[in-house]
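The structure appears below as structure tokens.
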Amino acid sequence: MQVLFLALGASRKRAVLDESAELRASGAQVIVVVDKKKSWLNQEFAPGVVVTTLKELEARHLPRRMEHALLYRVPRATVRAVGRGPLRGRARRGLKAYERGLAAKLHRKVFVPAHRRLWPDAQARMVLAPFVARGGLDLLVVSDALSVPRAVRLLDAWATDGIKPRVCYGLDYDVPSGTQQARTATTQGQR
318 MQVLFLALGA
328 SRKRAVLDES
338 AELRASGAQV
348 IVVVDKKKSW
358 LNQEFAPGVV
368 VTTLKELEAR
378 HLPRRMEHAL
388 LYRVPRATVR
398 AVGRGPLRGR
408 ARRGLKAYER
418 GLAAKLHRKV
428 FVPAHRRLWP
438 DAQARMVLAP
448 FVARGGLDLL
458 VVSDALSVPR
468 AVRLLDAWAT
478 DGIKPRVCYG
488 LDYDVPSGTQ
498 QARTATTQGQ
508 R
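Here the numbering used here is used: the first residue of the sequence shown is 318, the next is one more, and so on.
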């Protein structure tokens with residue numbers, strides 16, 4: 318079974334830790350997507366549970382990797398090659414100023430908006446990519462309220478490709494695909 322936890326708000330840490338450990342113990346591939354790893358730093362996940370961020374997943378997209386190479390890696394390599402000896406200090410200061418000033422602004426104001434406009438479903442594809450090789454995503458666990466809007470966007474993007482995983486708020490709310498849900502009367506308790 319392939320399970321993705323969206324825990325962008327970090328408000329249900331204990332539930333995410335316990336449920337991901339339970340699924341991992343049963344042999345499932347589990348990936349937990351968080352907003353910032355810093356807020357999960359003191360939490361210890363079960364062995365085999367992969368913790369990542371949306372930024373890290375989106376950075377795997379080829380155009381993002383090319384942009385990173387052009388804006389950051391090439392200038393760093395140039396500074397390493399040129400900035401030796403007496404030029405070392407000035408070259409490093411110049412590189413820091415370039416990265417903070419020009420490269421960061423180009424990334425934020427030009428490339429990110431253009432990337433989102435040209436490839437609106439790139440983030441959804443990159444989130445799904447680790448599961449594709451093993452047969453696709455089976456279960457999406459939306460762990461907190463802040464993850465709901467992102468989950469809706471991901472599900473909409475995946476629906477165009479015909480990918481429809483089960484969705485739940487926690488493992489207690491998951492209905493296995495092989496069972497039928499009990500029908501409840503909508504007028505129960507009304508006269």
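Glycine included, C-beta positions come from ideal geometry on N, C-alpha and C.
For residue 482, does the count of other Cβ atoms within 10 angstroms reach 16, so buried, or fall short, so exposed? Residue numbering aside, residue 482 sits at position 165 when the sequence shown is read from its first letter. Buried, because 16 or more other Cβ atoms sit within 10 Å of the Cβ of residue 482.
Who pairs with residue 266 in a beta bridge, going by DSSP? The displayed coordinates of the chain run from 318 to 508. Any statement about residue 266 would go beyond what the structure contains.
Quick check: the region 368-379 against the region 349-356, are there 3 or more CB pairs under 8 Å? yes
Under 8 Å between the Cβ atoms of residue 439 and residue 385? Position 122 of the sequence shown, counted from the start, is the residue given in the question as residue 439. Position 68 of the sequence shown, counted from the start, is the residue given in the question as residue 385. Contact flag unset, no.
Tell me where the alpha helix (DSSP H) around residue 429 begins and ends. For the purposes of this step, residue 429 is identified with residue 112 of the sequence shown, where counting begins at 1. Start and end: 429-435.
Local conformation of residue 512 per DSSP, three classes: Beyond the ends of the chain as shown, which are 318 and 508, falls residue 512; an answer cannot be given.
Could you check where the beta strand (DSSP E) with residue 457 kicks off and where it finishes? Translated into the one-based positions of the sequence shown, residue 457 becomes position 140. Unbroken beta strand (DSSP E) run through residue 457: 456-459.
Output the distance between the C-alpha atoms of residue 433 and residue 425, rounded to the nearest integer angstrom. In the sequence shown, counting from the first residue as 1, residue 433 sits at position 116. In the sequence shown, counting from the first residue as 1, residue 425 sits at position 108. Distance between the alpha carbons of residue 433 and residue 425: 11 Å.
Run the CB neighbour count on residue 441, radius 10 Å, all protein chains shown included, and call it buried at 16 or more, exposed below. Taking the sequence shown and counting its residues from 1, the one referred to as residue 441 is at position 124. Classification for residue 441: buried.
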